[in-house]
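Visitor: Sharing a structure below in structure tokens format, with a few things to ask.
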Amino acid sequence: MGWKAWRRIMAMLAMTAAGLAGCAPDQPADLVLTGGNLMTMSPDRPRARALAIRDERLVFVGSEEGARRFIGPETRVVDLGKRVVFPGLVDAHGHLLSLGRSLSELSLTGTQSPAQIRQKVLEKQPSAPPGAWITGRGWDQNGWPGREFPTWRDLEGTEAHPVYLRRVDGHAAWVNRTALDRAGITRDTPDPPGGRLLRDARGEPTGVLLDNAADLVRRIIPEPSRAERLEWARAAIRECHRYGLTGMHDAGVDEATLEILRELRDREELTLRVYAMLDDADSAFVARQFAAGPQVDPWLTVRALKLYADGALGSRGAALLEPYSDDPSTRGLMVQSPDYLYRMTREALAHGFQVCTHAIGDAANRAVLDAYEKALAEVPPGDYRLRIEHCQVIAPDDFPRFGRLGLIASVQPTHATSDMLWAEDRLGPKRIKGAYAWRTLLQSGARLALGSDFPVESPAPLLGIMAAVARRDVMGHPTDGWHPEQRLTGDEAIRGFTVDAAWAGFAEGERGTLEAGKLADLTVMDGNLDLDWDVDLDWMTYAVSDIRVWMTVVGGKVVYEGNNTPSNRRITP
Ligand SMILES: [Zn+2]
0 MGWKAWRRIM AMLAMTAAGL AGCAPDQPAD LVLTGGNLMT MSPDRPRARA
50 LAIRDERLVF VGSEEGARRF IGPETRVVDL GKRVVFPGLV DAHGHLLSLG
100 RSLSELSLTG TQSPAQIRQK VLEKQPSAPP GAWITGRGWD QNGWPGREFP
150 TWRDLEGTEA HPVYLRRVDG HAAWVNRTAL DRAGITRDTP DPPGGRLLRD
200 ARGEPTGVLL DNAADLVRRI IPEPSRAERL EWARAAIREC HRYGLTGMHD
250 AGVDEATLEI LRELRDREEL TLRVYAMLDD ADSAFVARQF AAGPQVDPWL
300 TVRALKLYAD GALGSRGAAL LEPYSDDPST RGLMVQSPDY LYRMTREALA
350 HGFQVCTHAI GDAANRAVLD AYEKALAEVP PGDYRLRIEH CQVIAPDDFP
400 RFGRLGLIAS VQPTHATSDM LWAEDRLGPK RIKGAYAWRT LLQSGARLAL
450 GSDFPVESPA PLLGIMAAVA RRDVMGHPTD GWHPEQRLTG DEAIRGFTVD
500 AAWAGFAEGE RGTLEAGKLA DLTVMDGNLD LDWDVDLDWM TYAVSDIRVW
550 MTVVGGKVVY EGNNTPSNRR ITP
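Each residue of the sequence shown is one higher than the one before, starting from 0 at the first, in numbering that gives the first Met the number 0.
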């Protein structure tokens, strides 16, 4: 919407409010926000100036005058100084405790070489208890000279502690000699199902373990204590609020994690709305949750099952229909059989649970579409909202099936801007056209729920919005956007983090828009944010370095407040 149209609407709103000014004053609100640019995402009133909150709900969204009627002696009134307000932003695919853990371990994101990582390990060692595991996350060989996988030899000198370092996508682990020895991994160790040990020319394991092979080491790392997990969760919740998130969908919750989340909810410390997908690895746990049935709660909802079809593209673990363009010896691998995906989908639907399946490669996506199609044909017609998580590479013939089956494509825009440096090497010029193809997915009739897959990527939803709209990295590369025909508009991107994220979690009746009656979840942005961003890409890149979250409100409570300096906004008539 242009500025002139916006001004016309504001003038109309002012007149409407003037007409209501004679009404009796309403019961006072707890919090009134005035003087903002509210992007409500409600079709009835897309823009507004002010809102009022009583208890946990919005009681008014509209004009300044209208909001004033809710101001009583006890009401906190905040002037937004024309800052932009969104419905509370929700990450539709993240990993809460992993985020907390990643905050507590070695951060390897952006490291430039194996030598730099070895140095970080050496610096950590003096403070680590003798023999304790040193863990880290975030390395990516695609950002190093030569782009080769590292080996245990690159970690020589660190043998005093076992070292376990996960790749940025979590689908590969790099370990040192001590860790290999403790796990008893030798040249005689076979590749486990769904996993692979990288080996040198003589067949010796190199220290990089792909997908399920990482379990050979992971299973001997002592389990974190309950206290540690509680701390991780608390730290992750704070981090989410700081980035403006009011909710998240946790893509793979095990029993221990669910207990932590329940404990935090019962102590009223869960100030982030969590939509939990049960991890299928523990079948007894899943069976117990199925028997208990869906548990819908404003803070913690359990009504979804997470399945995994394949690995990731970066480590060539994604299952492709044809061999990798840069390694014709492999097509990647499925980590579950198509029949298992179908049986579990059937079972989940029978118990009233949604299914969310990780699928990256075109073969994996096809297998999931087949499984969903078969299961949906066997249940009564209904509102099932099956999801595919990532949907990264789709064969051209498969796109229309998303709309036909009423699926939710749960995608992570920052994956595209992180992977764009090497994705075409893996896939070649033809297949890349069906990769990270958000516009094609939308046109096929899928609903897009957007997220970050944190801690794989930053939890900052503004980075995801920018990646979706510009398809450029934070440095503004490439200038015209990577495969710009697949860009989303600003409105579509915000939808993916608000209305459609709510839809993906069956919560659109309570959240996702700023409307009176809904839960008071909202995100206020500071700095230069232009509502006309659809037309100005340069601006998006410039803006993202400048925009901060100013305030995060969940259920009417302010859970994060940045420093309240006067806005230096660029919104000008
Ligand atoms: Zn994930």
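A virtual CB, placed ideally from N, CA and C, is assigned to each residue, including glycine.
Bear in mind the structure is a predicted one, so any value in this text is a computation, not a measurement.
R136 and R165 look like a contact to me (Cβ under 8 angstroms); what is the Cβ gap, rounded to whole Å?
Guide: 5 angstroms
Visitor: Any chance the segment 373–391 sits against the segment 356–365, with 3 or more Cβ pairs inside 8 angstroms?
Guide: yes
Visitor: Per DSSP, what kind of secondary structure is H248 in: helix, strand or coil?
Guide: Collapsing the DSSP output to three states places H248 in a strand.
Visitor: Just to check, is the beta-carbon of D279 closer than 7 angstroms to a non-hydrogen atom of ligand 1?
Guide: Outside the cutoff, so no.
Visitor: Would you kindly report the start and end of the unbroken beta strand (DSSP E) that includes F401?
Guide: Segment F398 to R403 is the alpha helix (DSSP H) holding F401; no beta strand (DSSP E) there.
Visitor: Looking at the structure shown, is P45 part of a helix, part of a strand, or coil, going by DSSP?
Guide: coil
Visitor: Which of the three DSSP states, helix, strand or coil, is assigned to Q124?
Guide: helix
Visitor: Contact check, A501 vs I52 under 8 angstroms by CB: the rounded distance?
Guide: Incorrect: roughly 18 angstroms between the Cβ atoms, too far for contact.
Visitor: Please say whether G511 and P86 have beta carbons closer to each other than 8 angstroms?
Guide: Taking 8 angstroms as the cut-off, the Cβ atoms of P86 and G511 count as close.
Visitor: Put Q442 into one of helix, strand or coil per three-state DSSP.
Guide: Q442 falls in the helix class under three-state DSSP.
Visitor: Hey, would you say E484 sits closer than 8 angstroms to R430, going by beta carbons?
Guide: no
Visitor: Residue range of the alpha helix (DSSP H) that E346 falls in?
Guide: P337 to A349
Visitor: Any chance you could list the beta strand (DSSP E) runs of at least 3 consecutive residues sitting entirely within the segment 456–541, in chain order?
Guide: 521–525
Visitor: What residues sit near ligand 1, counting only those whose C-beta is closer than 5 angstroms to one of its heavy atoms, in chain order?
Guide: That query returns the following residues: A250 and D452.
Visitor: Among the residues of its own chain, which have a CB less than 7 angstroms from the CB of P337, if the five just before and after it don't count?
Guide: A366, D369 and A370
Visitor: Tell me which same chain residues have a C-beta within less than 7 angstroms of the C-beta of R176, skipping the five on either side of it?
Guide: W151 and E158
Visitor: Counting only the same chain and skipping the five closest in sequence on each side, list residues whose C-beta sits under 6 angstroms from that of E507.
Guide: A501
Visitor: Could you check the C-alpha separation between P428 and A422 for me, to the nearest Å?
Guide: 10 angstroms
Visitor: For the candidate residues L306, K373 and M333, whose alpha-carbon lies nearest to that of S282?
Guide: L306
Visitor: May I ask you to report which of helix, strand or coil DSSP gives E560?
Guide: strand
Visitor: Alpha carbon to alpha carbon, how far is G316 from L215?
Guide: Distance between the alpha carbons of G316 and L215 is about 17 angstroms.
Visitor: Taking Cβ positions, are G35 and A49 nearer each other than 8 angstroms?
Guide: yes
Visitor: Excluding sequence positions up to five away, which residues of its chain have a Cβ less than 6 angstroms from the Cβ of P161?
Guide: W132, T177, A178 and R181
Visitor: Are L441 and E491 closer than 8 angstroms when you measure CB to CB?
Guide: yes
Visitor: Suppose you measure from the CA of A212 to the CA of R342; what does that come to, to the nearest Å?
Guide: 25 angstroms
Visitor: List the DSSP bridge partners of S409.
Guide: E388 and A448
Visitor: By a C-beta neighbour count over all protein chains shown, 10 Å radius and 16 as the cutoff for buried, is Q26 buried or exposed?
Guide: exposed
Visitor: Within the continuous alpha helix (DSSP H) that includes G65, where are the two ends?
Guide: E63 to R67
Visitor: Assuming L88 contacts P460 under a Cβ cut-off of 8 angstroms, what Cβ separation, rounded to an integer in Å, is found between them?
Guide: 4 angstroms
Visitor: Do you know offhand how far L32's Cα is from A467's?
Guide: Our two residues, L32 and A467, have alpha carbons roughly 29 angstroms apart in a direct line.
Visitor: According to DSSP, which residues form a beta bridge with N36?
Guide: V83
Visitor: Where are the alpha helix (DSSP H) runs, 4 residues long or more, that stay fully inside the segment 263–324, in chain order?
Guide: 282–291
Visitor: Considering only the alpha carbon of each residue, which of H92, E55, G61 and M38 lies closest to I407?
Guide: Measuring from the Cα of I407, the nearest candidate turns out to be H92.
Visitor: Do you know offhand how far M38's Cα is from P45's?
Guide: Take the alpha-carbon of M38 and the one of P45: they are about 6 angstroms apart.
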